[in-house]
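Here the sequence shown is numbered in our numbering, starting from 35 and rising by one per residue.
Backbone N, C-alpha and C define an ideal beta-carbon position, used for all residues, glycine too.
One structure is given here, and the rest of the page talks about it.
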Amino acid sequence: MLKQNSTIKRLTSILGVSLLLTGATQPKESPVADAAQTGDIAEVRALLQQGADVNAAQTDGLTALHWAAMNNYGEILDVLLYAGATVKPLTRVGGYTPLHLAARSGHAEIVTKLTAAGADPDEWTTTGVTAIHFAAQANSAETIRALAEAGANLDAPDEFQNRTPLVFASARNSTDALTALLELGADPSVQTALKDYTSLDANDRDDRAHRARVRAAEAGEEVVQNDNADRFAQLQRQQQQTPPDSSQSAEEDVEWDEDLEDQSLNDDEEE
Numbered sequence: 035m036l037k038q039n040s041t042i043k044r045l046t047s048i049l050g051v052s053l054l055l056t057g058a059t060q061p062k063e064s065p066v067a068d069a070a071q072t073g074d075i076a077e078v079r080a081l082l083q084q085g086a087d088v089n090a091a092q093t094d095g096l097t098a099l100h101w102a103a104m105n106n107y108g109e110i111l112d113v114l115l116y117a118g119a120t121v122k123p124l125t126r127v128g129g130y131t132p133l134h135l136a137a138r139s140g141h142a143e144i145v146t147k148l149t150a151a152g153a154d155p156d157e158w159t160t161t162g163v164t165a166i167h168f169a170a171q172a173n174s175a176e177t178i179r180a181l182a183e184a185g186a187n188l189d190a191p192d193e194f195q196n197r198t199p200l201v202f203a204s205a206r207n208s209t210d211a212l213t214a215l216l217e218l219g220a221d222p223s224v225q226t227a228l229k230d231y232t233s234l235d236a237n238d239r240d241d242r243a244h245r246a247r248v249r250a251a252e253a254g255e256e257v258v259q260n261d262n263a264d265r266f267a268q269l270q271r272q273q274q275q276t277p278p279d280s281s282q283s284a285e286e287d288v289e290w291d292e293d294l295e296d297q298s299l300n301d302d303e304e305e
């Protein structure tokens, strides 16, 4: 028995050296995802015909469906769905589904295909947002409409500061997204955690805005005003001027802080 074990160890060692010398590698754990990442539909089809796992994920949790959704590979996505790809895989960081990545990239047709296949338009990431927040950030009106048609909540608050998609669109100066959300019935009167920002000193905000204008002028750049932020604040004030029900207390006006833009989904982008 000892002699047999010794022989096995020697053979294993020899095989390992042989692999190193010949440049051979171990089989890939996620070949379909690797092929989808490069957009190689022929390789995707060949691997699936050979029995490769359509849902095998790369080390970061990205599957073939994630890559197809993110890169707008509609034909590859169709092949993957036909082969039984799940629409609910999550990335290790952020907990993104393929739908989240499609919405973040503004791929409306991909969004429609995924929701038709059963993807939940209101599923949260671990960072507290839904697909429609991503679509608002991407300024993709068509993606917002596709999500709305699938039943997405237009007024979904993010889980950290209760910011709605309207707030995200305003913070990014996403005119198309803001217009689409309002046309579809998003409610600008929904209260958010923006009230937390009203405690910031107004003079300090004015000073920061002045410094930004000076820097832009020195660099020869055009100073861009965030008109959507003003529009959103005006809509909220109009809603609040409506006499409240007797059972409700009047709410304070919501004051917009331009610095909110710096806090919207930056942590997602860094990941």
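As a quick exercise: from Thr160, Ala182, Gly95, pick the residue whose alpha carbon is nearest that of Ala137. Selected option, being the one with the closest Cα: Ala182.
Where Leu99 and Leu81 are concerned, what is the direct C-alpha to C-alpha distance, given to the nearest angstrom? Going from the Cα of Leu99 to the Cα of Leu81 covers about 14 Å.
Below 8 Å CB to CB, which residues in the same chain sit around Ala372 once its five sequence neighbours on both sides are set aside? Outside the displayed range of the chain (35 to 305) lies residue 372, so it cannot be described from this structure.
Run of the alpha helix (DSSP H) containing Leu216, from where it starts to where it stops: From DSSP, the alpha helix (DSSP H) with Leu216 extends over 209-217.
For Arg145, which three-state DSSP category applies? Looking at the sequence itself, residue 145 is Val, so the reference to Arg does not match. Of the three classes helix, strand and coil, the one that applies to Val145 here is helix, per DSSP.
Under 8 Å, do Pro123 and Thr164 count as touching if we go by C-beta distance? no
Since Ala67 and Gln92 are thought to touch, with beta carbons under 8 Å apart, how far apart are those beta carbons, to the nearest angstrom? 5 Å
Closest by CA to Val201, which one among Val88, Thr159, Asp221? Asp221
With a threshold of 16 other CB atoms inside 10 Å of the CB of Tyr107, please say whether the residue is buried or exposed. buried
Of the choices Gly128, Gly152, Glu109, Lys147, whose alpha-carbon is the least far from that of Asp94? With distances taken between CA atoms, Asp94 lies nearest to Gly128 out of Gly128, Gly152, Glu109, Lys147.
CB Ala184 to CB Thr149, shorter than 8 Å? yes
For Glu34 and Ala90, which I take to be in contact (beta-carbon distance under 8 Å), what is that distance rounded to the nearest angstrom? With the chain covering only 35 through 305, there is no way to say anything about residue 34.
DSSP three-state assignment for Gln195, whether helix, strand or coil: Residue state for Gln195 is assigned as coil, using DSSP reduced to three classes.
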